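Residue numbers (my numbering): 31 to 261. For glycine and all other residues, C-beta sits at the position ideal for the given N, C-alpha and C. As the structure is a prediction and not an experimental result, all values here were calculated from the model.
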Amino acid sequence: MTEMKHGVDESFNDRLNILRAAVLGANDGIISIAGVVIGVASATPNIWIIFLSGLSAILAGAFSMAGGEYVSVSTQKDTEEAAVNREQALLDRDPKLARESLYHAYLQNGECETSAKILTERAFMKHPLKALVEEKYGIEYEEFTNPWHAAASSFLAFSVGSLPPMLSIILFPTAYRIPVTVFVVGLSLIFTGYTSAKLGKAPTKPAMLRNLIIGLLTMGVTYFFGQLFSI
């Protein structure tokens with residue numbers, strides 16, 4: 031059964047955050063690869079150069095994001111494990127102080143004094159370490175984020191996001207290659223902007239417009255520089 035804390039389904043929130051991160055990762059893939067392939071396509075019509083440039087950018091971007099996510103989540107996991115060890119040491123050294131610490135944590139999290147006392151007593155009868163870690167640090171006990179899962183998700187999200195600009199630039203004839211890619215990328219960015227705003231419960235129109243403008247600006251700049259060095 032999903033645990034509820036202060037009326038909030040934390041498991042649902044975690045899944046929502048993961049989904050939103052995946053959408054934003056895909057958005058990075060769309061914009062990054064669109065910029066590369068538009069820039070190269072404006073410099074040369076050679077489909078192999080465009081393809082290899084796009085593929086290299088996809089691999090570099092996906093591995094870079096995966097590596098960054100792995101390092102970030104590994105650091106977070108180390109911090110969470112250190113918090114657990116710290117509270118375990120406190121329990122072993124001074125159970126009374128640990129009890130007071132948990133009581134004050136409940137107060138800080140919005141419980142009244144009576145409720146905080148009851149919850150503290152209940153926690154020390156069942157699993158004090160779990161309560162200490164979750165209330166003081168907001169960490170789900172023994173459910174640390176897996177850095178490998180985070181890295182794989184980031185790699186996959188970026189790679190999926192790179193598909194619209196990559197496929198449109200290599201599948202269409204030279205004369206339509208760039209305008210079709212701009213159109214496809216624009217639709218993709220509108221979709222990811224809408225989705226990320228919905229997941230974050232934010233206004234959708236500003237997010238969609240902002241996403242579209244950033245994408246068009248990226249493609250415009252790379253197209254301009256591609257024209258400067260066209261073959």
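| Could you check where the alpha helix (DSSP H) with asparagine 115 kicks off and where it finishes? | Taken as a continuous stretch (DSSP letters only), the alpha helix (DSSP H) holding asparagine 115 covers 77–123.
| request: Give me the Cα-Cα distance between tyrosine 133 and alanine 112, rounded to the nearest whole angstrom. | output: Taking the straight line from one Cα to the other gives about 21 Å.
| request: Would you mind giving the Cβ-Cβ distance between phenylalanine 188 and aspartate 108, rounded to the nearest angstrom? I have them listed as a contact below 8 Å. | output: Contact flag wrong, Cβ pair sits at about 25 Å.
| task | Select from Tyr224, Pro75, Gly245 the residue whose C-alpha is nearest the C-alpha of valine 214. | result | The shortest C-alpha to C-alpha distance from valine 214 to any of Tyr224, Pro75, Gly245 is the one to Gly245.
| request: Out of Ala56, Val66, Leu49, point me to the one whose CA is closest to valine 212's CA. | output: Looking at the Cα atoms, Val66 is the closest of the given residues.
| query | Mind checking threonine 162: buried by the 16 CB within 10 Å criterion, or exposed? | reply | Rather than threonine, the amino acid found at residue 162 in this sequence is leucine. With 16 or more neighbouring CB atoms inside 10 Å of its own CB, leucine 162 falls in the buried class.
| Unbroken alpha helix (DSSP H) run spanning alanine 161, endpoints | Counting along the chain, the unbroken alpha helix (DSSP H) around alanine 161 starts and ends at 158–167.
| task | Mind checking which residues open and close the alpha helix (DSSP H) that includes glycine 216? | result | Taken as a continuous stretch (DSSP letters only), the alpha helix (DSSP H) holding glycine 216 covers 204–229.
| said: So for threonine 175, helix, strand or coil by DSSP? | reply: Assignment of threonine 175 by DSSP, reduced to helix, strand and coil, places it in the coil class.
| task | Pair every Cβ in the region 190–208 with every Cβ in the region 120–128, then say whether three or more of these pairs are closer than 8 Å. | result | Verdict: no, contact absent.
| said: Suppose the cutoff is 7 Å on Cβ atoms and the five residues either side in sequence are ignored; what does the same chain contact list for glutamate 99 look like? | reply: Taking glutamate 99 as the centre and dropping the five residues before and after it, the same chain places the C-beta of Ala180, Ala181, Ser184 closer than 7 Å to its C-beta, in chain order.
| request: Measure the C-alpha to C-alpha separation of valine 103 and leucine 85 and round it to an integer number of angstroms. | output: Spanning the two alpha carbons is a distance of roughly 27 Å.
| said: As a quick exercise: from Thr248, Thr225, Arg116, Ile80, pick the residue whose alpha carbon is nearest that of arginine 207. | reply: Ranking Thr248, Thr225, Arg116, Ile80 by Cα distance to arginine 207 puts Ile80 first.
| said: Only counting the same chain, and skipping five residues up and downstream in sequence, which positions put a Cβ closer than 8 Å to that of threonine 225? | reply: Closer than 8 Å at the Cβ level, and outside the excluded window around threonine 225, lie Val53.
| request: Taking only the alpha-carbon atoms, compute the straight-line gap between glutamine 138 and glycine 223 and give it to the nearest angstrom. | output: Taking the Cα positions, glutamine 138 is about 36 Å away from glycine 223.
| said: Please report the straight-line C-alpha distance between tyrosine 253 and isoleucine 68, rounded to a whole angstrom. | reply: Each residue's alpha carbon lies about 6 Å from the other.
| field | Coarse secondary structure for glutamate 151, derived from DSSP in three states | value | In the three-state DSSP reduction, glutamate 151 falls in the helix class (H, G or I).
| query | Out of curiosity, what's the CA-to-CA distance linking arginine 129 and threonine 248? | reply | Approximately 55 Å, taken between the alpha carbons.
| What separation, rounded to the nearest whole angstrom, lies between the Cα atoms of alanine 153 and glycine 140? | Cα to Cα, the separation comes out at about 17 Å.
| Rounded straight-line distance, which links the Cα of valine 101 to that of lysine 156 | Looking at the two C-alpha atoms, the distance is approximately 35 Å.
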